[in-house]
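J.:
This is how it looks when you write it as structure tokens:
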């Protein structure tokens, strides 16, 4: 009887080692899947601070701001609704002038007239319509310049003066999003 046990011992050890290897492989796969989901979920929620800037909740970079030397994070990105907008404010010296790049793989962007879809909101709540949208046709990739008047028509004041300190650019109806709100301050 002890001879039989001695003969079966290597077989049991082999079975046990195969089970252990199988469990380790299963554990490795499970951890890999969990890591992928964690990273994927983290990428989506990591921009929750950015999403507060947008009423429609696509991801965007935080509000642009100028530092003391006039340098800034003037470029912001809004993703969602099948279209990505990359908006760069040209700075205080240029006034209310923006370079807007639109990118997608599913929508023809040539039909979007930002002169009709955009509005600039001052810190005092005044809404200003653009004076021009200069952008050549581009299909799925379009870039142009969006200009607003440099002075308020009613008070002949500059749009960006000392008391202003901040503004919002609101773009409605691009892609599947009803509204995108990008904010800058200095």
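Numbering (the working numbering), first residue to last: 731 to 916. All C-beta atoms in this analysis are idealised placements derived from N, C-alpha and C, irrespective of residue type, glycine included. Bear in mind that the values here come from a model prediction, so they are computed numbers and not experimental data.
#1: Determine the extent of the beta strand (DSSP E) in which residue 873 is found, giving its start and end residues.
#2: Can you have a look at residue 836 and say buried or exposed, based on whether 16 or more other CB atoms are within 10 angstroms of its CB?
#3: Throw me the rounded Cβ distance for the residue 876 and residue 808 pair, which I believe falls under 8 Å.
#4: Could you confirm whether any beta carbon from chain D is found closer than 8 Å to the beta carbon of residue 848?
#5: What residue range is occupied by the uninterrupted alpha helix (DSSP H) comprising residue 844?
#6: Here's the rule: buried if 16 or more other CB atoms are within 10 angstroms of the residue's CB, otherwise exposed. What is residue 742?
#7: Can at least three beta-carbon pairs, one atom from the region 826-845 and one from the region 857-865, be found at a separation below 8 Å?
#8: Does the beta-carbon of residue 761 have 16 or more other beta-carbons within 10 angstroms, so that it is buried, or is it exposed?
#9: Can you tell me which residues form a DSSP beta bridge with residue 743?
#10: With a cut-off of 8 Å on the beta carbons, I'd call residue 818 and residue 905 a contact; round off their distance for me.
#11: Find out if the Cβ-Cβ distance for the pair residue 882, residue 846 is shorter than 8 Å.
#12: Over what stretch of residues does the beta strand (DSSP E) that includes residue 913 continue unbroken?
#13: Quickly, what does DSSP pair residue 862 with across the bridge? List them, please.
#14: Closer than 6 Å by C-beta to residue 782: which residues in its own chain qualify, once you throw out the five before and the five after it? Chain order, please.
T.: Reading from the atomic positions:
#1: The count along the chain shown starts at 1 and reaches residue 873 at position 143. Start and end: 871-877.
#2: Looking up residue 836 in the chain shown gives position 106. Label assigned to residue 836: exposed.
#3: For the purposes of this step, residue 876 is taken as residue 146 along the chain shown, with counting starting at 1. For the purposes of this step, residue 808 is taken as residue 78 along the chain shown, with counting starting at 1. The C-beta distance from residue 876 to residue 808 rounds to 14 Å, too long to fall under 8 Å, and the pair is not in contact.
#4: The structure shown contains no chain D; it holds only a single protein chain.
#5: The residue labelled residue 844 in the question sits at position 114 within the chain shown. From DSSP, the alpha helix (DSSP H) with residue 844 extends over 844-847.
#6: Taking the first residue of the chain shown as 1, we reach residue 742 at position 12. Burial call: exposed.
#7: With a cut-off of 8 Å on Cβ pairs, the region 826-845 is in contact with the region 857-865, counting three or more such pairs.
#8: Along the chain shown, read from residue 1 onward, the residue named residue 761 stands at position 31. Result: exposed.
#9: The residue given as residue 743 occupies position 13 in the chain shown. Checking the DSSP bridge columns, you'll see residue 743 has no partner listed.
#10: In the chain shown, residue 818 corresponds to position 88, counting from 1. In the chain shown, residue 905 corresponds to position 175, counting from 1. That belief does not hold up - the Cβ atoms of residue 818 and residue 905 are roughly 19 Å apart, past 8 Å.
#11: Within the chain shown, the letter at position 152 stands for residue 882. Within the chain shown, the letter at position 116 stands for residue 846. At the C-beta level, residue 882 and residue 846 stay beyond 8 Å of one another.
#12: For the purposes of this step, residue 913 is identified with residue 183 of the chain shown, where counting begins at 1. The continuous beta strand (DSSP E) containing residue 913 extends over residues 909-915.
#13: Counting from one through the chain shown, the residue named residue 862 turns up at place 132. Bridge partners of residue 862: 877.
#14: By 1-based counting over the chain shown, the position of residue 782 is 52. Confidence in residue 782 is poor, its pLDDT being 32 and thus under 50, which makes the residue's placement too unreliable to answer from.
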